[in-house]
Amino acid sequence: MDSLSYKTLSPNAQSIDREWILIDATDQHLGRLCSKVAKILMGKYKPCYSPNVECGDNVIIINADKIILTGKKMTDRVYHTFSGYPGGQKELSPEVLMRKSQTKHFKAGIHPLFVRVMKGMLPKNHLGRKLITNMHVYNGAEHPHAAQEPKAIDINTLK
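Numbering (my numbering), first residue to last: -1 to 157.
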């Protein structure tokens, strides 16, 4: 009996093949879209998933300005931030965050509403902060990642 055949294989950063995935957010619900994107970023759709290794794919989301929030969530939902200083409390709605994404103050590929929602769905540790950088969100249909040859998938086919 060969004792070397009983080794447990664990994925590491070198053994993971990472892909670029293109997702169209037109007429998608924000929470449902982001929960599926979070699974892609973590690598849960891959057979070699490990919770302590970055084994997910890079995700490009286009047409982010065409997402849907049901009911009055666009105006009535409130996100709180606190800077730590007296009077440093801010309340932001998704409508305000969508308007902020139209300005040039943010780096290309950063969408404040998607970042806010995705941070709640990823692990709250060093790995989660690293995974959020693999998500690139654009308001229009154009993106600068054509050289990576992203594979377009239909997000509705994923569970």
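Note that beta-carbon positions come from the ideal geometry of N, C-alpha and C, so glycine has one too.
Terminal residues of the beta strand (DSSP E) in which residue i lies
i	result
His78	Tyr77 to Phe80
Leu90	Gln87 to Leu90
Asp74	Counting along the chain, Asp74 falls outside any beta strand (DSSP E), though it belongs to the alpha helix (DSSP H) covering Lys71 to Asp74.
Asp22	Trp18 to Asp22
Val57	Asn56 to Ile60
8 Å Cβ shell around residue i - same chain, five flanking residues per side excluded
i	result
Glu147	Trp18
Gly126	Lys117 and Leu120
Residues near residue i by beta carbon distance below 6 Å, same chain, minus five either side
i	result
His103	none
Leu156	Lys34
Same chain, Cβ closer than 7 Å to residue i, neighbours up to 5 away in sequence not counted
i	result
Ile153	Ile21, Gln26, Leu31 and Lys34
Delimiting residues of the alpha helix (DSSP H) encompassing residue i
i	result
His124	His124 to Leu129
Leu28	Leu28 to Met40
Leu111	Pro110 to Met119
8 Å contact criterion, which residue i and residue j should meet: CB distance rounded
i	j	result
Val115	Ile130	So it is not a contact: roughly 11 Å between Cβ atoms.
Leu67	Pro92	6 Å
Ala23	Lys64	6 Å
Ser48	Ser8	6 Å
Ala62	His134	Actually they do not touch by this definition, with Cβ atoms about 10 Å apart.
Closest by C-alpha distance to residue i, when choosing among the options
i	options	result
Asn137	Leu95, Thr6, Leu90 and Lys71	Leu95
Asn50	Asn123, Ala150 and Ala145	Asn123
Ala139	Ile60, Pro45, Ala145 and Ile14	Ile60
Lys37	Ala145, Ala144 and Asn132	Asn132
Report yes or no: do the segment 6 to 18 and the segment 43 to 56 share at least 3 C-beta pairs separated by less than 8 Å?
yes
The segment 76 to 88 in contact with the segment 40 to 51 per 3-pair CB rule at 8 Å
Touching, no.
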